[in-house]
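The block underneath contains the structure these notes are about, expressed in structure tokens.
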Amino acid sequence: MQEVELQDILTAREDGDYIINIGPQHPSTHGVLRFVVSLKGEMLEYVIPHCGYIHRGIEKMCERLTYPQIIHLTDRMDYLSAHMNNEAVSLLVEKATGVEVPERVKYIRTILSELQRIQSHQLWWAAFGMDMGGLTCFFYGLRDREKILDIFEESFGSRLLHSYICPGGVMNDIHPNFQKRTKEFIKYFRKKLPEYDELLTGNIIFEMRTKGMGVLSKGEAISYGLTGPPGRASNFACDIRKLYPYSAYDKVEFKEILYTEGDTWARYKVRMAEMWESMKIIEQLIDNIPEGDFTIKMKPVIRLPEGEYSQRVETARGELGVYVVSKGEKTPYRMHFRTPNFSNLFVMNRLAAGNKIADLIAISGSLDLVIPDIDR
Amino acid sequence: MEKEQLGQVLSELFPSLEINTSQDPVRVKADTGSIHSLAMTLRDDSRFQFDYLFNMYGIDREDRFTLVYYLESTIFRHIVAIETDLADHDNPVVESISDLWKTAEFQEREIYDLMGVSFTNHPDPRRLFLEDGWAFPLRKDYKDDINFIER
Chain A
24 MQEVELQDIL
34 TAREDGDYII
44 NIGPQHPSTH
54 GVLRFVVSLK
64 GEMLEYVIPH
74 CGYIHRGIEK
84 MCERLTYPQI
94 IHLTDRMDYL
104 SAHMNNEAVS
114 LLVEKATGVE
124 VPERVKYIRT
134 ILSELQRIQS
144 HQLWWAAFGM
154 DMGGLTCFFY
164 GLRDREKILD
174 IFEESFGSRL
184 LHSYICPGGV
194 MNDIHPNFQK
204 RTKEFIKYFR
214 KKLPEYDELL
224 TGNIIFEMRT
234 KGMGVLSKGE
244 AISYGLTGPP
254 GRASNFACDI
264 RKLYPYSAYD
274 KVEFKEILYT
284 EGDTWARYKV
294 RMAEMWESMK
304 IIEQLIDNIP
314 EGDFTIKMKP
324 VIRLPEGEYS
334 QRVETARGEL
344 GVYVVSKGEK
354 TPYRMHFRTP
364 NFSNLFVMNR
374 LAAGNKIADL
384 IAISGSLDLV
394 IPDIDR
Chain B
244 MEKEQLGQVL
254 SELFPSLEIN
264 TSQDPVRVKA
274 DTGSIHSLAM
284 TLRDDSRFQF
294 DYLFNMYGID
304 REDRFTLVYY
314 LESTIFRHIV
324 AIETDLADHD
334 NPVVESISDL
344 WKTAEFQERE
354 IYDLMGVSFT
364 NHPDPRRLFL
374 EDGWAFPLRK
384 DYKDDINFIE
394 R
């Protein structure tokens, strides 16, 4: 791999080399991200990601906010994994204050996380298909995703930024229709998911553009800190739900999907299989939600005892870590988020260099980046 | 390895380290100068095999900076948190570990960008999010002139 200096971009290149700029407003970057790429003919020599276009200083803002207020900021990091982000901060606060939440809350949180994972993967599949030139995928994916968003809207009044999981439980009890509609959705989606395979998975053009592209070995995946579906496609067992179970994940049975190929195709297959696994988890829990309170009474002002705390959860894109240094105040002294997309982005140069420029789009699509999660 | 065993092996190998096994994960306090050699031993020693650096971040404690590295072994599944204090608050410098873990290169760039801690031997010591010349926002003495954070 070539080490890249800023000076390389500014100085004139030798004959035959082009420096071109992709983004920050390019459809394939799914947000405001800029790639500077060097081309020799059609081949990529290196790819430099430039981020920071939507840096909001969330870690600094957290130092001025109380813990229940911070929940509302975490939605805005990885907006497709909003429930998991809320859950990470909530679990940390509960662990630090020594609070045990009711069983009902654990079940609700787990079901919501898995619903969120399915809708995130649906949107990824829709956009990935579109990036590769299959516009029909976009309509199929969004058609089914609407059904989950409708369930969310009915239950929590919001479709994207829920702020529903809070320290001590959830904001309010689930809607009376929630269980019925979720079961209807699972029944519906079990019929529809094979359509996804018919449309895209068996397509010979799609296979040729993904198989053997952007291969990453297991050792490199660990070294780059690649987690989530891209990590598991390289045979790196990094599923926090399996390794350090939280909420109700220790009560359900599911497989950790591992592939050994480590290419774009394997990253695609991992997510497709994860949607089946998520449906299995929801089916095990949805009929058994225990009766009880949806929240426990927390103190009006939550103060964490002095010390350092950490919590890791599995979002739709990988490992999210929340790290808090507390001095016993109602606001954290320092809050740090280890976000999955941050590590996943910087493997771009390693994966794309040496491939054709058209494959850059397929490779960045297979990493499923959400840019606000990188910049924070 | 279990926490107590891990602490014991570590203290035999590095007698000068401050090791706290009562917390989860095990916390180790190391000298700033020995960070690189300690990290290399932890990664390469067959008893530890800490091959996965899953997080690192900095804390501004007003009189000094603290860097925390979280390491996990994907083979044995034990975790250790290494802490180091950078005593010089005006000019904090530490050796980069980006040659050991690729992910450290970008985590260090983020720490430099937001906290102002410099890393020696870093292959690409540029800022990551903010423009050159911007003050380091995660420092406690950061001046918030345009009321970004506090209203």
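Sequence order for the protein chains is A and B.
Following my numbering, the numbering of the first sequence begins with 24 at its first residue and continues without gaps.
Following my numbering, the numbering of the second sequence begins with 244 at its first residue and continues without gaps.
Positions of the beta carbon are idealized from the N, C-alpha and C atoms, including for glycine.
Option in Arg-340(A), Arg-335(A), Ser-389(A) with minimal Cα separation from Val-116(A): Translated into the one-based positions of the first sequence, residue 116(A) becomes position 93. Cα-wise, what sits closest to Val-116(A) is Arg-335(A).
Report yes or no: do three or more beta-carbon pairs, one from the segment 90-109 of chain A and one from the segment 327-343 of chain A, lie closer than 8 angstroms? Touching, yes, given that three or more Cβ pairs across the two stretches are closer than 8 angstroms.
Consult DSSP for Ile-77(A) and reduce its assignment to one of helix, strand or coil. To locate residue 77(A), count along the first sequence from 1; it is residue 54. Reduced to three states, the DSSP call for Ile-77(A) is coil.
Looking at the structure shown, is Ala-324(B) part of a helix, part of a strand, or coil, going by DSSP? As a first step, residue 324(B) is located in the second sequence; it is residue number 81 there, counting from the start. Correct three-state label for Ala-324(B): strand.
Pair within 9 angstroms by beta-carbon distance, Ser-387(A) and Ala-375(A): As a position in the first sequence, residue 387(A) is number 364, starting the count at 1. As a position in the first sequence, residue 375(A) is number 352, starting the count at 1. Yes, these two residues count as a Cβ contact at 9 angstroms.
So is Leu-249(A) buried or exposed if we call it buried at 16+ other beta carbons inside 10 Å? As a working note, residue 249(A) is residue 226 in the first sequence. Under this definition Leu-249(A) is a buried residue.
Can you name the residues of chain B whose CB is closer than 9 angstroms to the CB of Cys-74(A)? Here residue 74(A) refers to the residue found at position 51 of the first sequence. The contacting residues are Leu-371, Phe-372.
For Phe-208(A), is the classification buried or exposed, using 16 other Cβ atoms within 10 angstroms of its Cβ as the cut-off for buried? As a first step, residue 208(A) is located in the first sequence; it is residue number 185 there, counting from the start. Classification for Phe-208(A): buried.
Could you tell me how far apart the beta carbons of Asp-294(B) and Ser-265(B) are, in whole angstroms, since I believe they sit closer than 8 angstroms? Locating residue 294(B) in the second sequence gives position 51, counting from the first residue. Locating residue 265(B) in the second sequence gives position 22, counting from the first residue. Not really, about 26 angstroms apart at Cβ, beyond 8 angstroms.
Relative to chain B, which residues along the segment 64-89 of chain A have a C-beta separation below 7 angstroms, given in chain order? Cys-74, Gly-75, His-78, Gly-80, Glu-82, Lys-83, Met-84, Arg-87
In the structure shown, what three-state DSSP assignment does Gln-266(B) receive? In the second sequence, residue 266(B) corresponds to position 23, counting from 1. Looking at Gln-266(B) - three-state DSSP - the assignment turns out to be coil, as it is neither helix nor strand.
Quick one: what's got a C-beta closer than 8 angstroms to Arg-168(A)'s C-beta in the same chain, skipping five residues either side? Locating residue 168(A) in the first sequence gives position 145, where the first residue counts as 1. Excluding positions up to five away in sequence, the list reads Gln-142, Gln-145, Leu-146, Ala-149.
Residue burial classification, Arg-369(B) (beta-carbon count within 10 angstroms, cutoff 16): Indexing the second sequence from 1 puts residue 369(B) at position 126. Classification of Arg-369(B): exposed, given that the 10 Å Cβ count is below 16.
Using DSSP's beta-bridge definition, name the partner residues of Pro-72(A). Counting from one through the first sequence, the residue named residue 72(A) turns up at place 49. Residue pairing for Pro-72(A): DSSP places it in a beta bridge opposite Phe-58(A).
What is the rounded straight-line gap between the Cα of Arg-166(A) and the Cα of Lys-83(A)? For the purposes of this step, residue 166(A) is taken as residue 143 along the first sequence, with counting starting at 1. For the purposes of this step, residue 83(A) is taken as residue 60 along the first sequence, with counting starting at 1. Distance between Arg-166(A) and Lys-83(A), taken at the CA atoms: about 38 angstroms.
So that I know if they touch, is there some Cβ in chain A lying closer than 9 angstroms to that of Ile-262(B)? Taking the second sequence and counting its residues from 1, one reaches residue 262(B) at position 19. Chain A contact via Cβ: absent.
Comparing alpha-carbon positions, which option in Ala-347(B), Asp-342(B), Asp-387(B), Asp-328(B) lies nearest Gly-231(B)? As displayed, chain B neither begins before 244 nor continues past 394, which places residue 231(B) out of reach and without an answer.
On the CB-based measure, 16 or more other CB atoms within 10 Å of its CB, does Leu-96(A) come out buried or exposed? Taking the first residue of the first sequence as position 1, residue 96(A) is located at position 73. The residue in question, Leu-96(A), is buried, as its Cβ has 16 or more Cβ neighbours within 10 Å.
So, for Val-308(A): in the same chain, excluding its five sequence neighbours on each side, which residues have a beta-carbon less than 7 angstroms away from its beta-carbon? Here residue 308(A) is taken as the residue at index 285 of the first sequence, counted from 1. This sequence places Leu at residue 308(A); Val is not what is there. When the five nearest sequence neighbours on each side are left out, the beta carbons in the same chain lying within less than 7 angstroms of the beta carbon of Leu-308(A) are those of Tyr-130, Thr-133, Ile-134, Ala-271, Val-275, in order along the chain.
Could you tell me whether the Cβ atoms of Tyr-177(A) and Val-370(A) are closer together than 9 angstroms? For the purposes of this step, residue 177(A) is identified with residue 154 of the first sequence, where counting begins at 1. For the purposes of this step, residue 370(A) is identified with residue 347 of the first sequence, where counting begins at 1. Here residue 177(A) is Glu; the residue named in the question, Tyr, does not match the sequence. Result no, Cβ atoms of Glu-177(A) and Val-370(A) do not sit closer than 9 angstroms.
Mind pulling the chain A residues with CB within less than 7 angstroms of Tyr-300(B)? In the second sequence, the residue the question calls residue 300(B) occupies position 57. Listed along chain A are Tyr-346, His-359, each with a C-beta nearer than 7 angstroms to that of Tyr-300(B).
Local Cβ density within 10 Å of Ile-245(A), reported as buried at 16 or more and exposed below that: For this step, residue 245(A) is matched to residue 222 along the first sequence. Classification for Ile-245(A): buried.
In chain A, what lies closer than 7 angstroms to Leu-381(B) by C-beta? By one-based count along the second sequence, residue 381(B) stands at place 138. Residues of chain A passing the Cβ test: Glu-82, Lys-83.
Let me see if you follow: with CB-CB separation under 9 angstroms, is Tyr-187(A) close to chain B or not? As a working note, residue 187(A) is residue 164 in the first sequence. Cβ-Cβ to chain B under 9 angstroms: no for Tyr-187(A).
Consult DSSP for Tyr-130(A) and reduce its assignment to one of helix, strand or coil. Numbered from its first residue, the first sequence carries residue 130(A) at position 107. In the structure shown, Tyr-130(A) sits in a helix (DSSP, three-state: H, G or I).
Less than 8 angstroms between the CB atoms is what I'm expecting for His-279(B) and Arg-307(B), so what's the real figure, rounded? Residue mapping note: residue 279(B) aligns to position 36 of the second sequence, counting from 1. Residue mapping note: residue 307(B) aligns to position 64 of the second sequence, counting from 1. With a Cβ gap of about 19 angstroms, His-279(B) and Arg-307(B) do not count as contacting.
The segment 256-272 of chain A: positions lying closer than 9 angstroms to chain B by Cβ: Phe-259, Ala-260, Cys-261, Leu-266
Determine whether the Cβ of Arg-307(B) lies closer than 9 angstroms to any Cβ atom of chain A. As a position in the second sequence, residue 307(B) is number 64, starting the count at 1. No, its Cβ sits nowhere closer than 9 angstroms to a Cβ of chain A.
Of the residues Arg-357(A), Ile-305(A), Lys-206(A), which one's Cα is nearest the Cα of Leu-88(A)? Position 65 of the first sequence holds residue 88(A). For the residues Arg-357(A), Ile-305(A), Lys-206(A), the minimum Cα distance to Leu-88(A) belongs to Arg-357(A).
Would you tell me roughly how many angstroms separate the C-alpha atoms of Arg-326(A) and Ile-42(A), rounded to the nearest one? Here residue 326(A) refers to the residue found at position 303 when the first sequence is read from its first residue. Here residue 42(A) refers to the residue found at position 19 when the first sequence is read from its first residue. For Arg-326(A) and Ile-42(A), the distance between alpha carbons rounds to 52 angstroms.
Thr-317(B) in three-state terms, based on DSSP: Here the question's residue 317(B) lines up with position 74 in the second sequence. Correct three-state label for Thr-317(B): coil.
Under the DSSP definition of a beta bridge, which residues are partnered with Leu-114(A)? Position 91 of the first sequence, counted from the first residue, corresponds to residue 114(A). Answer by DSSP bridge pairing: none, since Leu-114(A) is not bridged.
Where Lys-272(B) meets chain A, residues with beta-carbon distance less than 9 angstroms: Counted from its first residue, the second sequence places residue 272(B) at position 29. Ordered by position in chain A, no residue passes the 9 angstroms Cβ test against Lys-272(B), which lies about 13 angstroms from the chain.
Take the Cβ of Gly-376(B) as the centre, count every other Cβ of all protein chains shown within 10 Å, and call the residue buried at 16 or more, exposed below. Sequence index remark: in the second sequence, residue 376(B) carries index 133 (1-based). So Gly-376(B) ends up on the exposed side.
Mind reading off the beta-carbon distance from Gly-227(B) to Leu-314(B)? Whole number of angstroms is fine, and I expect it under 8 angstroms. Nothing about residue 227(B) can be reported from this structure: the residues present for chain B run from 244 to 394 only.
Which residues of chain B have a Cβ atom closer than 9 angstroms to the Cβ of Ile-94(A), listed in chain order? Here residue 94(A) is taken as the residue at index 71 of the first sequence, counted from 1. By Cβ distance, chain B contributes nothing, its closest Cβ being about 18 angstroms from Ile-94(A), past 9 angstroms.
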